[in-house]
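Written below as structure tokens is the structure these notes are about.
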Amino acid sequence: MGLGKTVILIALFLLHQLSNTSTPTLEEVTKQAQISDLKVCNATLVVAPGAIIDQWANEIHQHAPSLRVLVYEKKSNADQFDSVDIVLVTSDVLRREFHAANPPPERSRRQQPKYKRRRSCLVEQLWWRVVFDEAQMVDSSISNIAAMARLIPRIHPWAVTGTPTSKTGLLSDMHGLFCFLGLNTWIAASLNATPKPHLSSFTEQHLRLTHRHPGLVRDHLARIMHRFTKVSVASELEIPPQHEHIINVQFDRTHQLYYDEIEEKCLQAVKNRVQSQSFIPYIDTMQKSPSVQDQTESMHLSASKHGSQSKQSDLPILMLQLRQTCCHPQIGTHNRRRLGGVLCTMEHVLTTMIRQCTSSVYTMQHKRISTSMELLHMLEYQGKFKPALDSYLILLKETREVVAGIRLDVDTLMTRKKLKNQERSENELALNNEDQPAKACDDNDESDLDCDFENFESSNPTQYSYTLLEDELGQLRSRLNFWIELEHRLLYFIATSYYIIGKRIEDAAITASGELHSDKDAQSFVNNRDEESGFTRQECEELENIWYEHANKLRRTTLQIFELRTTQMVEKFQSGFLELPGELNQKASVLSNISKNERILYSNDQNLMLIVLSPEYFGGIVTGEIFEEITQLVAVLNKQWQLIEAWRSKLIELLTLPFENENLNSNSDHTDISCFQTIQSLGVNSNAKPNDGSIAAPTGNEYSIGLDIQEEANQYQYAYIQVLSDRLTLLTAMRRDVDHKYYGTTDLQFKLFEQRKAFILKQKQQSFSELVKRLKGVSCRYDLPSIEIQLATHASLYLGKCLDVHVACLELLRNETTKFSILGNARIVYFRELQKFHSGVVFPEKPTDMEAHCTTLEDNIRGFERSIATQNARLRYLATLETDNIQRTALGESLRECGICRTMFKNGVVTHCGHMFCEECNAGWIMIHLRCPMCNQSISRESIAKVTLKKQLDTPQFNQTILSISTVPNAFSAGSKSIAQLNIPQLAKRLNAIKVHGSYGSKFNTIIRHIKYLVSTHPQTKVILFSQWEQVLNILAAAFQDNGIGFVKMEGSGWTQDRGKFKLKFPGQSVTTFSESGDVVAFMLNAKSHSSGLTLVCAMHVILIEPLLNRSIEQQAITRVHRIGQQNETHVWRYIVHNTIEKQIVKLADQRMSVSNQITLSSQSRLATKSLGGGELIGETDIQDILCDRNAVNAGTS
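What the sequence shown shows, in mature numbering (1 follows the signal peptide of the UniProt record, and there is no 0), is residues -21 to -1, 1 to 1177, in sequence order.
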């Protein structure tokens, strides 16, 4: 790579041309072309990526100006090939030529094709030579570009690449190359062979080949491949040396905490996988004896099969997420799903983590209280109502405190939302007051065309913060309803407990004195006292009514919001429902005026939407048959309209009904069905009947009743939409091919289908518009009597107007169906919320083993309490981070020190009040006095949580994210002037002193500082940045914009808008901009798709944002600058986050490079899918090596 492959090929083009003395000769080539019915082409076809086509043209013009060059496009023809020596074609164009290169399918056609299929002129020539540059793109033999390359007739095929095994490092990567080169050797044959039952893929087959016969493979490849490196030809080259540097950065505390969570999940997954013995250890087979090789081969094969069976394993995905987090917490699908799709700075990440932690605390608290309630139900089954009631009251107090806190948060956010709305209104007003020329300039700004969701925050921070506010407010409201439902359950169960105690007193009195015969007998034991609880019957009745009233009031208050929302929708749409018939009649009034002129009289009570035909229209010689068909169709349309009106009225009636019985929102008897089921399950007299009241009690079926009404409305709405579609077909013949079969399942659906079936356009029946068109055709004839022509003319005008009016009215009706859907959904939401209250007050069934069930519940409660304590400690730590970030921003210095001894610490504790102390002060002061020395609050030992700040607090200045910068020594490092100018020992200190606008994570902020420093020392500096994830480049693009760093990205070919016009853009334009523009400093390239073939010798610095296990891709990226033509010393900067898996990945990659001279390089990495963010997906065996080494490092550090 970078050693002049292009120049060597140009020399080949000049030296070896088709002639009478060439091999083969011109005569031999001509005979071969005649046999295949092809035309001989003396030119060389060069296939290359679009980004380097211009580079090829420039190199040819510079080194061989005598060679004539043509850039092939779709409109090019074969005659142009005779006048050129070289034809350049991009790989994208070649891929699009695939279908034109294949012959048309040989199948019978009913009619001859109208247009002749285009035949690609590339496959109509017998090319003297076909060169495929960056040939690793045809590693797959089934892709369109690889298939197209094989279809091109050629004498001499050449495959040029610096990384023939760029994916797995195995021979299967070259299978497509073997097919293109037409090598019928046993290597290509083994890869093309049909897989055997015990060999499930190409990879397994070539593993068997290379492991058993490595020497034979080497000898064979040496005959067909020419490979040389910079080291082997160092004496022949004058390329300035290249220096490699490693920059170790450390996370800030927010990023570190986020990373630790994902790493813990990954380590736990590895632990579980090791325990299940599903890992196959990696063994180097190139130095083994044959017996060991056989064993290793079988292990590789079983590992490959295991990998194919567990593609859905979460371990590689967790590792991918861990690597992506090292760059930024929002890289990758999983991270973006957790943090949201809008670009987040580290402050936003911290805010999101606090919100998620708070939500987790509320969820654990809710589960603890719900489980405690179930445990209290078990006490009630045992007859222990008094302790259950006391515990209910304690839980109710906790719940009300939580509800009050959530209400306060909602009110606070509502106040902020009002201020935001005022701010937005003022901004809109100011925008409207701007002058028109400025607004026009903004409308034509090209930056608006490139605004995407990734850069949404940078382009519109006000809208971004408002979106976050709306999202947080919605979550708080959902949380509030969740906890209100829990409070309602507690109130209901407290009231039910009093009711059951009263029934128990009554049952005891009945058992003691016999059956009651009068109300006086019933009043005789109202003062009887329950032995277990100490309550009298009268006290129970009073408390029962009080608590039931509290529950009903809470339910009424909560449901009132949803009821009011639905009622407002009904009021909003009701006027439209009432006004629509008037609008339809107003449109139809035009028909009434026309009909009067035609002597068609409408009565006063006549529906204007009904079509009325004049008697004069009948009796014509030619028009008689047409009018007979029109009469039949008009009768169908009129009956259909009456059905539409009836269904519309029924639908509106169902959707505007008041909610099922308003007694739900009033005082009612509380002894409902669920209460009596509870009484029966608790062993109380089940013959008791609910008291007769003036208002019926809720039965718990309100949701099902409302759902039945809504289901009926849905069936009517579906049938209504279908009948509107049928009417459109009757009028215009549109949607004639719609399936009219019956697919319903209910009686109502069958009834409605039978009603609309009579109004469906028959198979050979003409629509209303088609009949009107026939009348117009009659009016244009000259062979008919003038009276009949006049009749057809008048009728076509009138019926055409009817058609226009009815189509317009039909569109109004179809638009109205959207309102029906909105109303139906709103009613469903109301009844769903109502059902939540009723489904939550059902007692659990009595378990068969009461003691074991209670033990399980108690264990669950203790587990929830431990989780709550852990999450609260984490929440306090996050809140402390947020406070310190605000203070550090204000004071410009780090405040992370012990509150007692005022020294920086690594291991310490955080109290429930949010203050942090070192371990020594915790043991010497806090654990003795149990009071916070900062705020004097009392502290319990259980509330103290340990924290580890790792090594990022070891430095006196916390904002020093760069730990060290080291240079990999080589033979040129000692006397290098560029290294001396960089002053590596002092570089970390200088970079840390540079300010960055915004916080995008330690790695990205360091990259910004680095580029700013390079530009300040050398204004003409050019930097290339490589990453395997496009999202990394997108976030860096936003960071560069905020910090005023000029950059370009390698965009794909396509259409772009320039000054209101669309023009075709090519990838090479980005290269030209980077090379020629003085304002552009950085060039962002994707290491997977943009790292091949480019010559960027104008740059001197290459930044590798994240390490790769497959070093061949990194080498492709590095050699973009370190190649022939480079005049300056170049520098490669590897960014590695300290104390993360990136260091282990670099270590494993170095070990793999030490055996790079072998045939096989057993890397199990593959490409991740686009939905996961793309990039390198490491196999499970490599993950074990990385994480085991990571554990060893952590253990040694400890």
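Ideal Cβ positions, reconstructed from N, Cα and C, are used throughout, including at glycine.
With a cut-off of 8 Å on the beta carbons, I'd call residue i and residue j a contact; round off their distance for me.
i: Ala30; j: Val48; result: Going by Cβ atoms, the distance from Ala30 to Val48 rounds to 17 Å, so no, they are not a contact pair.
i: Val1076; j: Gln1094; result: Going by Cβ atoms, the distance from Val1076 to Gln1094 rounds to 17 Å, so no, they are not a contact pair.
i: Leu105; j: Ala12; result: 4 Å
i: Arg468; j: Ile385; result: Between Ile385 and Arg468 the Cβ distance is about 17 Å, and since that is not below 8 Å, they are no contact.
i: Thr378; j: Ile333; result: Not quite, the Cβ-Cβ distance comes to about 23 Å (not below 8 Å), so this is no contact.
In angstroms, rounded to a whole number, what distance separates the CA positions of residue i and residue j?
i: Ser1054; j: Ala1017; result: 22 Å
i: Pro28; j: Thr342; result: 53 Å
i: Ser426; j: Ile801; result: Confidence in Ser426 is poor, its pLDDT being 33 and thus under 50, which makes the residue's placement too unreliable to answer from.
i: Ile525; j: Thr515; result: 15 Å
i: residue 1189; j: Ile131; result: Any answer about residue 1189 is impossible in this case: the structure gives the chain only from -21 up to 1177.
i: Arg206; j: Thr996; result: 39 Å
i: Ile479; j: Asn839; result: 28 Å
i: Tyr51; j: Thr69; result: 8 Å
i: Lys566; j: Leu589; result: 12 Å
i: Glu1009; j: Asn1065; result: 7 Å
i: Lys991; j: Ser1056; result: 17 Å
i: Arg108; j: Val1050; result: 28 Å
i: His313; j: Ile296; result: 9 Å
i: Gly(-18); j: His976; result: 42 Å
i: Ser122; j: Ala22; result: 26 Å
i: Ile905; j: Asn886; result: 15 Å
i: Ala474; j: Leu452; result: 33 Å
i: Phe1005; j: Pro964; result: 25 Å
i: His42; j: Thr940; result: 48 Å
i: Thr233; j: Ile1157; result: 26 Å
i: Thr835; j: Glu1159; result: 37 Å
i: Phe884; j: Cys877; result: 7 Å
What is the residue span of the alpha helix (DSSP H) that residue i lies within?
i: Tyr1114; result: Taken as a continuous stretch (DSSP letters only), Tyr1114 belongs to no alpha helix (DSSP H), being part of the beta strand (DSSP E) at 1109 to 1116.
i: Ala12; result: 5 to 14
i: Asp1080; result: Sequence check: residue 1080 is His here, not Asp. Note, His1080: premise wrong, no alpha helix (DSSP H); beta strand (DSSP E) at 1080 to 1083.
i: Gln221; result: Where Gln221 is concerned, there is no enclosing alpha helix (DSSP H), although the beta strand (DSSP E) it sits in stretches over 221 to 228.
i: Gly779; result: 765 to 818
i: Trp626; result: 602 to 634
i: Asp33; result: 32 to 42
i: Ala79; result: 77 to 80
i: Ser746; result: That residue, Ser746, is in no alpha helix (DSSP H); it is neither H nor E in DSSP.
Along the chain, where does the beta strand (DSSP E) containing residue i start, and where does it finish?
i: residue 1239; result: Outside the displayed span of the chain (-21 to 1177) sits residue 1239, for which this structure offers no information.
i: Leu49; result: 48 to 50
i: Phe1062; result: 1061 to 1065
i: His135; result: 133 to 139
i: Ser943; result: 941 to 947
Checking 8 Å against the spacing of the C-beta atoms, do residue i and residue j come in under that value?
i: Phe111; j: Leu46; result: no
i: Asn227; j: His1117; result: yes
i: Ile944; j: His222; result: no
i: Glu76; j: Met116; result: no
i: Ile1084; j: Val1011; result: yes
i: Val751; j: Leu782; result: yes
i: Tyr695; j: Leu633; result: yes
i: Ser775; j: Ser748; result: no
i: His1101; j: Ile218; result: yes
i: Glu242; j: Leu301; result: yes
i: Leu592; j: Val613; result: yes
i: Val1060; j: Pro1086; result: no
i: Tyr809; j: Thr545; result: yes
Cβ contact (3+ pairs, closer than 8 Å) linking the segment 238 to 252 and the segment 970 to 987 = no
Are the segment 782 to 800 and the segment 519 to 528 touching by the rule of at least three beta carbon pairs closer than 8 Å?
-> no
Decide if the segment 380 to 394 is in contact with the segment 351 to 366; the criterion is three or more beta carbon pairs, one per stretch, under 8 Å apart.
-> no
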